[in-house]
Amino acid sequence: MDNETGLYRTPLSQHDAINHVPHGPAQEQPTRSTSTPRPPVQPHLDPKSHFHHSAELLYDLFFLGNLTTFTSIHTVNDIPTLKSYTSFFSLLWLTWYQISLYDARFSKTSIVERIFKALQLGAMMGFAACGPQFNNNDINNEYGDLIGGDPYRGVSLVLMATRLILVCQYLMTVVFLRKEKASRIPLATLAAIYGFAAIVYFGLFWSFKLDSKIVGNYSWVGFYVIGAFETILVTMLSSLWPVLGPKGGQVIQRMGLLTLVVLGEGAIGVARQCGLIMRSSALSLEGSVIGSIAAAVLALYCAYLIYFDWVKEQFVGSWRQQIWLLLHFPLHLLLALAVEGFTWCITWRAAIVKIRWLESEVEKWGKLFGSGSPEQEASISNGFLDDVQQITFNIVNDTLTTARSPELAMDAQASRNDMLGQVLILRNESSSMDARGEAVLKLLATDLNSIFTIAGFNKDPINMTDNVDVMQQRVKYLIDISFRTTFIYTFVSVGLIIICCTFMAMLSKHKKNVLNWLRLGLSLAIGIFLCIFVMLALGVPKDPNDVNTKLANRYTQFIQSPWILPIIALSLLFGKTPHLCCTALMFPGISAANNH
1 MDNETGLYRT PLSQHDAINH VPHGPAQEQP TRSTSTPRPP VQPHLDPKSH
51 FHHSAELLYD LFFLGNLTTF TSIHTVNDIP TLKSYTSFFS LLWLTWYQIS
101 LYDARFSKTS IVERIFKALQ LGAMMGFAAC GPQFNNNDIN NEYGDLIGGD
151 PYRGVSLVLM ATRLILVCQY LMTVVFLRKE KASRIPLATL AAIYGFAAIV
201 YFGLFWSFKL DSKIVGNYSW VGFYVIGAFE TILVTMLSSL WPVLGPKGGQ
251 VIQRMGLLTL VVLGEGAIGV ARQCGLIMRS SALSLEGSVI GSIAAAVLAL
301 YCAYLIYFDW VKEQFVGSWR QQIWLLLHFP LHLLLALAVE GFTWCITWRA
351 AIVKIRWLES EVEKWGKLFG SGSPEQEASI SNGFLDDVQQ ITFNIVNDTL
401 TTARSPELAM DAQASRNDML GQVLILRNES SSMDARGEAV LKLLATDLNS
451 IFTIAGFNKD PINMTDNVDV MQQRVKYLID ISFRTTFIYT FVSVGLIIIC
501 CTFMAMLSKH KKNVLNWLRL GLSLAIGIFL CIFVMLALGV PKDPNDVNTK
551 LANRYTQFIQ SPWILPIIAL SLLFGKTPHL CCTALMFPGI SAANNH
């Protein structure tokens, strides 16, 4: 360890909010001048400051690890899992925010701070341990057991531990800054807030029973009430006491880093789905799927441009910065949902392509029947049966090898047993034509169930005991209903991201000309359009026996088309275009990167 790293280093050398009144000309602030400003003196780079920033980045990577772990276990494409993911992300973000505010205000590299950082990283692993079974819905875990309060007890202890660490950090800062009278009350107030939160979290621990159902127990709401309370209060106190105000550049850097981390989760998800498509014969990788992948990459890049080009604009007034900080919670949550939606849109497109291929195969063989002699008919029939059997065998085996949980593996094994039963009917020469026809349709239904299972959309499978007409109706309904939740939250999230970034840009500049307002208005209109676009899904009937409305038919046509992700990518691109065009008009010949 560096021998210059002390037990504890005072934050006075890093933060100017606690400085005394300046004395002497050497400390006077330079006056404004219309002449060319002198370049500022570059301070000597402190290697400990580099360690401090790298430790913050390491903490952000642990945040990313939690998100990746949760999404690799849970398929976020139905309402219960969507609620769980939103709840889990909110707890992660609120904890990250409290710790990041301390880092931006008072953290300084020392032995004690390194110990605290190690404890904070351990707390992040506590979240990772609770994440797989974190669910506030009445569903079973992968072993068929109803989830009780155990994960919530763990989350309560993790939240309590993180707040106690913050209490220790703020109290230690009070001790080392005891000569600074202006800092005592503000720092002690923050320590009291986090101490109160820790007590409440510990109290919530006892409200969850190991052997009880979480359904009907709404104590978990306290996590978010206390988290919102401490977040808003701690942020607003910085306007009352300047000593609590973090440097703008440090806060912007921290928020920007987490934005990159969330976008990185999207990149990981896209890469993961590409690997799934490549190794599974139940999903097809063809031109439109590759186009969807390219559109997802473009959407991630445009989201990056929209955020980072607009945060370069300067703040005017502390209250603007406080609102800007708080807006990052919905922004990061929406980004996390959007990038998760991108990944499921890719596998959905690959599944639809495979289903269309299956339909074309059946149609191809259907045209061959009745076109030759009895000997040729027998040969065609045997070829068709061999083809169906091989396709089903490959798809069902892929379901076994890609199962995300023991429950899905058992379902895949049951599908395999059903498949073998239908094959016996097909191979039995004494079977009637009607029996063989039903067997073929049931094999195709097995294929559809397996494809949707591998793609992650297996919430409402087709029942193998249904008759042929019911199964055909269920197939159409399954396609409509399986993707609806993903379709809605993906488009709404992207639209709200553009709207949120627009409001953040409004906070950044005090004076705006006509072009500024035009840029913001066009971006706002694009965001609203994406939110309204999900009305297509509202016409889907709740019962598979109901007749689709005209709106529902358009929704069905759209989700089976290759335009889902391209529409999103183009909307984000157009959301960025007004900024580029207005910048070019305001600053001709200057790139948008240098306008701020």
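For the sequence shown, the residue numbers in UniProt numbering are 1 to 596.
For each residue, glycine too, the CB sits at the ideal point set by N, CA and C.
DSSP places residue 205 in the uninterrupted alpha helix (DSSP H) bounded by 181–205. Shown here, residue 359 sits in a helix according to DSSP, grouped into three states. About 7 Å separates the Cβ atoms of residue 269 and residue 71, confirming a contact at the 8 Å cut-off. For residue 232 and residue 526, the gap between their C-alpha atoms comes out near 30 Å. Short of 6 Å from the beta carbon of residue 170, and not among the five residues preceding or following it, lie these beta carbons of its own chain, in chain order: 187, 190, 191.
For residue 92, the closest alpha carbon among the candidates 178, 286, 332 is that of 332.
Scanning the stretch 245–289 for uninterrupted beta strand (DSSP E) segments of 3 residues or longer gives nothing; none is fully contained. In the DSSP assignment, residue 120 falls within the alpha helix (DSSP H) that extends over 111–130. Under the DSSP assignment, residue 83 falls in the alpha helix (DSSP H) whose first and last residues are 79–105. Contact between the stretch 351–365 and the stretch 291–310 is not established, with fewer than three Cβ pairs separated by less than 8 Å.
Remark: three or more beta-carbon pairs, one from each stretch, lie closer than 8 Å, so the stretch 89–105 and the stretch 114–127 are flagged as touching. By the criterion of at least three beta-carbon pairs nearer than 8 Å, the stretch 194–201 is in contact with the stretch 153–170. Here residue 576 carries a helix assignment [DSSP, helix/strand/coil]. Under the three-pair Cβ rule at 8 Å, the stretch 440–458 counts as touching the stretch 344–357.
Short of 6 Å from the beta carbon of residue 100, and not among the five residues preceding or following it, lie these beta carbons of its own chain, in chain order: 254.
The residues 186, 189, 190, 244, in chain order, have a CB closer than 8 Å to that of residue 237 in the same chain once the five nearest residues on each side in sequence are set aside.
Sequence-distant Cβ neighbours of residue 103 in its own chain, meaning closer than 6 Å and more than five residues away, are 56. One Cα belongs to residue 480, the other to residue 555, and the distance between them is close to 8 Å. In the structure shown, residue 496 falls within a helical segment according to DSSP collapsed to helix, strand and coil.
For residue 262, the closest alpha carbon among the candidates 113, 321, 62 is that of 62.
Contact check for residue 524 and residue 502: beta-carbon distance about 5 Å, within the 8 Å limit, so the pair qualifies. Between the beta-carbon of residue 396 and that of residue 284 there is about 17 Å, and that puts the pair past the 8 Å contact cut. Residue state for residue 76 is assigned as coil, using DSSP reduced to three classes. Annotated as distal: residue 569 and residue 337, with beta-carbon spacing of 8 Å or more. Rounded to whole angstroms, residue 477 and residue 552 show a C-alpha spacing of 11 Å. Per the coordinates, the alpha-carbon of residue 539 lies some 30 Å from the alpha-carbon of residue 89. When DSSP states are grouped into helix, strand and coil, residue 59 belongs to the helix group. Of 228, 321, 120, the smallest CA-CA separation from residue 505 is found for 321.
Excluding its 5 nearest sequence neighbours in each direction, residue 305 has C-beta neighbours in its own chain below 6 Å: 576, listed in chain order. Residue environment: residue 533 is assigned as buried (16 or more neighbouring CB atoms within 10 Å of its CB, all protein chains considered). Judged by DSSP secondary structure, residue 550 falls within the alpha helix (DSSP H) whose first and last residues are 550–559. Non-local beta-carbon contacts of residue 281 in its own chain, meaning distances under 7 Å to residues more than five positions away in sequence, involve 394, 395, 398 in chain order. Going by DSSP, residue 169 is part of the alpha helix (DSSP H) stretching over 150–176.
Taking the Cα of residue 288 as reference, the smallest distance to any Cα among 444, 561, 573 is reached at 561. Taking C-alpha positions only, residue 242 is separated from residue 225 by approximately 26 Å.
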